[in-house]
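Chemist: In my numbering, the protein residues as written are 6 to 80. Heads up, the beta-carbon is just placed ideally off N, CA and C, and yes, glycines get one too. Bear in mind that the values here come from a model prediction, so they are computed numbers and not experimental data. I'd like to ask you about the structure that follows.
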């Protein structure tokens, strides 16, 4: 989805799309990739409060000096 970011941003710009952006935006996979990305982001955001709550419960049991980042929790 990273390579689609310029196209997505261009869709919200008043400037006309470039030929390359038009090609990417009309590709049948564009919508599929965008939908999958949106679903993944929504699932992550929905799960984040559960992960934060679990961290609060587990943190006291972990060795001192351990951080959320050590366990893949970045927010």
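Measure the Cβ-Cβ separation of residue 12 and residue 36 and say whether it is below 8 Å.
Modeler: no
Chemist: Could you pull the start and end residues of the alpha helix (DSSP H) that residue 31 belongs to?
Modeler: 24 to 31
Chemist: Enumerate in chain order the residues of its own chain whose CB-to-CB distance from residue 15 is below 6 Å, with the five nearest sequence positions on each side excluded.
Modeler: 22, 26
Chemist: Should residue 63 and residue 39 be called a contact, given that it needs their Cβ atoms to be closer than 8 Å?
Modeler: No, Cβ-Cβ distance for residue 63 and residue 39 is not below 8 Å.
Chemist: Check residue 118 in the structure and name its three-state DSSP category.
Modeler: What the structure shows of the chain is the stretch from 6 to 80, and residue 118 is not part of that stretch, so it cannot be assessed.
Chemist: For residue 9, name the three-state secondary structure that DSSP assigns.
Modeler: Residue 9 sits in a helix when the DSSP states are folded into three classes.
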